[in-house]
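FYI, this note's numbering numbers position 212 of the sequence shown as 238, with every residue one higher than the one before it.
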Amino acid sequence: MPLNRRTFLESSAALGAGAALAAGATAPAAAAPAPRPKPAKRYSFTVMGTTDLHGNVFNWDYFTDKEFDDKAHNDVGLAKISTLVKKIRAEKGRGNTLLIDAGDTIQGTQLSYYYAKVDPITKTGGPVHPMARAMNAIGYDAAALGNHEFNYGIPVLRRFEEQCDFPLLGANALDAKTLRPAFAPYSIHRLRTPQGRDVRVAVLGLTNPGIAIWDKANVTGKMVFPGLEEQAAKWVPKLRSMGADVVIVSAHSGSSGTSSWGDQLPYVENAAALVAEQVPGIDAILVGHAHSEIPEYRVTNKETGKEVVLSEPLKWGQRLTLFDFDLVWEKGRWTVEKAGARVLNSNTVEEDPAITGMLAAEHREVVAYVNQAIGTSTAAMTTADAPWKDEPIIDLINVVQVETVKAALAGGAHAALPVLSQASCFSRTASFPAGRITIKDAAGLYPFENTLEARLMTGAQLKEYLEYSAKYYVRTPAGAPVDTAKLTNAENTPDYNYDAVSGLTYDIDIAKPVGSRITGLSFEGSPIDPAAKFVLAVNNYRASGGGAFPHVAKAEQLWANSEEIRTTIIQWVQAQGTIDPARFASVDWKLTRDGVPVF
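As structure tokens, then:
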């Protein structure tokens, strides 16, 4: 190769480099590998949830005076829930869990009734409510208000609130004058993490707007209850701005988007899914009120596209919801990376002896109370067939209501009007035995704390009322077999939203379509006059719009009582001493198909 300037310089450089290496000089270092990224910080925790406990501590049915059981062999009560909670805390670590509730806590069993009415928590030096004692012992962190919290009046609710070691939340329970929250709207809970900064979990409590009509007597002029979506949209951004890493809503509101009061209130009763869909910034919703079991239900928020996890555990402590959250540390804050929900069945564990032992004396006292004799019956009566037959035990409710209203209206402007009465079959297992009748028997017949009203109705309105009630039956053609197990609860109508009306005679033709079923409607043997005026003895739930029956909520109120209908029945039986179904039983209505009786 010819030697020129270029090749000379290149070869000289190579020789120079070799000489330098030979002399021990250091060659340029190879590029160092890029450092591995640090693993992301992660943290997991679990929120446990109950709802619609309705005064159930023990796995006990005070109406039958024996251990609770149903066809699915479910169990009930906080003592069972306590065992499940302890199990989860042992698995996850106590500091990595929260326990919340979605409302309807202090009404529903004779245990809760006893400490609201018989030995009330409001009296000077009164007892601590068993539900407060149990929930405190289990270690609840927060509970939303349910509509049944207001059944016994605000003083009982406020005393219960004072006895709880955890907040009762109700962002949409507002003082009627100031329109400020009458209860704590939210609570914030800090969970310690191994990675440094705590996780801040906000629980927003929302209750049901239906309180305004269902418990009108207790809340009118004192509290108002705006819609859940409206109040969630107000509070969720505030909670985020306050540094909440996770936002959970505890909502005493079902997920179906429906309402049972028709057009009487501009808010949705079962609005939980709407809240998830419309309000950004929510991670999960504990659903209540509907008495349904929803292990996991995901709703996509319209604004963010993010999925919100919903879960509703079955009522009375039959299920415990678990929300499991996986968080990751990103951009200086904790973010929910994954969330899911499931439910545990309380019939898989034993009652926690710490809870049953703590409240054993209260339990014995209530058992003794419900077994007090109040009278005798000459014959056995039962509600077993009452959903499809006019049974004497339902007639008993109606005769008590009619006599009570007649006495209240005596001597007044409406005393001469005929009094009719509505009643529902609240329980298919209620009964009065032949012989000794107890408080338990009467309470089982009328398990709700409804009170009695008198409303002014016309014959035409009553016809529409009965047509609406008759939608309860599944349409069954003439000649087709009749299976009572499939005959009722059409359109998911619960038993308590089917009314029989006494004082009229009528047939319900189940072969006909809804709206055209009432035939032969008569009063005192003659076809009913559409313009005639009647007094309807009706419970306050129905009179306030519960079930969305036509006309009754807007009908003129002639009288209202503050005493529970159940108590009125007990007092009536006590006054009678001996009750004889032959004195009041009558067949006022029956099911037919094309005019032929079904039974």
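We put the CB at the ideal spot given by N, CA and C, even for glycine.
Would you kindly check if the distance between the Cβ of residue j and the Cβ of residue i is under 9 Å?
i, j, result
"Pro556", "Gly505", "no"
"Ile400", "Thr409", "no"
"Leu353", "Val275", "no"
"Ala406", "Asn424", "no"
"Ala365", "Ala310", "yes"
"Ser286", "Gly247", "no"
"Lys106", "Glu338", "no"
"Ala558", "Phe549", "yes"
"Pro181", "Gly196", "no"
"Tyr567", "Trp240", "yes"
"Gly103", "Ser318", "no"
"Leu422", "Leu488", "no"
"Ser495", "Ala456", "no"
"Gly172", "Val111", "no"
"Asn244", "Phe176", "yes"
"Ser279", "Leu254", "yes"
"Ala170", "Gly231", "yes"
"Thr593", "Thr545", "no"
"Ala270", "Ile214", "yes"
If you draw a straight line from the C-alpha of residue i to the C-alpha of residue j, how long is it?
i, j, result
"Ala39", "Arg359", "For Ala39, the predicted structure reports a pLDDT of 39, less than 50, and the residue's modelled location is therefore unreliable. A value from the coordinates is still provided. Distance between the alpha carbons of Ala39 and Arg359 is about 56 Å."
"Ser528", "Val564", "11 Å"
"Ala49", "Arg68", "Residue confidence for Ala49 is low, a pLDDT of 41 falling below 50, so the modelled location carries little weight; the figure read from the coordinates is stated next. Cα to Cα, the separation comes out at about 54 Å."
"Thr347", "Gly603", "47 Å"
"Glu468", "Ser552", "According to the sequence displayed, residue 468 carries Ala and not Glu. Cα to Cα, the separation comes out at about 34 Å."
"Phe474", "Ser453", "10 Å"
"Tyr141", "Asp101", "23 Å"
"Val154", "Arg390", "16 Å"
"Tyr395", "Ile465", "7 Å"
"Lys627", "Ala608", "With the chain running from 27 to 625 in the structure shown, residue 627 is simply not present."
"Ala433", "Trp598", "13 Å"
"Arg115", "Leu124", "9 Å"
"Tyr532", "Trp615", "5 Å"
"Asp191", "Leu265", "22 Å"
"Leu336", "Thr326", "11 Å"
"Met249", "Gly222", "43 Å"
"Leu194", "His315", "16 Å"
"Thr135", "His99", "19 Å"
"Glu589", "His80", "20 Å"
"Arg368", "Arg324", "12 Å"
"Arg226", "Thr72", "13 Å"
"Pro263", "Val392", "46 Å"
"Tyr499", "Ile126", "38 Å"
"Gly573", "Gly119", "44 Å"
"Thr90", "Tyr139", "16 Å"
"Gln189", "Ala158", "6 Å"
"Lys580", "Thr233", "25 Å"
"Lys143", "Leu183", "13 Å"
"Ala387", "Gln600", "27 Å"
"Met632", "Gly438", "The displayed coordinates of the chain run from 27 to 625. Any statement about residue 632 would go beyond what the structure contains."
"Trp585", "Ala569", "12 Å"
"Ala516", "Gly470", "24 Å"
Return the Cβ separation of residue i and residue j in integer angstroms, given the expectation that the two are a contact with Cβ distance under 8 Å.
i, j, result
"Ile595", "Val426", "5 Å"
"His440", "Val561", "6 Å"
"Asp620", "Asp535", "7 Å"
"Thr76", "Gly343", "6 Å"
"Leu312", "Ala611", "Their Cβ separation, rounded to whole angstroms, is 46 Å, which puts Leu312 and Ala611 out of contact at 8 Å."
"Ala160", "Leu385", "6 Å"
"Gln583", "Arg462", "So it is not a contact: roughly 38 Å between Cβ atoms."
"Ala380", "Ala163", "7 Å"
"Ile576", "Tyr491", "The question names Ile, yet the displayed sequence has Pro at residue 576. Confirmed, about 6 Å."
"Thr330", "Pro306", "5 Å"
From the DSSP output, which residues share a beta bridge with residue i?
i, result
"Leu312", "Ser276, Ser337"
"Asp583", "The sequence given here has Gln at residue 583, not Asp. Its beta-bridge partners are Arg481."
"Arg359", "Glu356"
"Leu137", "Answer by DSSP bridge pairing: none, since Leu137 is not bridged."
"Met249", "Asp201"
"Gly75", "Ile126, Thr347"
"Ser548", "Thr531, Pro553"
"Ile595", "Paired residues: none, contrary to the question."
Does any residue of chain C bring its CB to less than 9 Å from the CB of residue i?
i, result
"Ser279", "Considering every chain present, this structure includes no chain C. It has just one protein chain."
My parser needs the beta strand (DSSP E) runs of 3 or more residues fully inside the region 365-421; what are they?
Scanning the region 365-421 from its first residue to its last, the whole beta strand (DSSP E) runs of 3-plus residues come out as 399-403.
Could you name each continuous alpha helix (DSSP H) segment of 4 residues or more that falls completely within the region 213-244, going from the start of the chain to the end?
237-240
Which complete alpha helix (DSSP H) runs does the region 417-483 hold, if anything under 4 residues is left out?
418-435, 465-471
Could you tell me which uninterrupted beta strand (DSSP E) segments, each at least 3 residues in length, are contained entirely in the region 140-177, listed from first to last along the chain?
168-170
Unbroken stretches of the beta strand (DSSP E), 3 residues or longer, contained in the region 102-135
123-127
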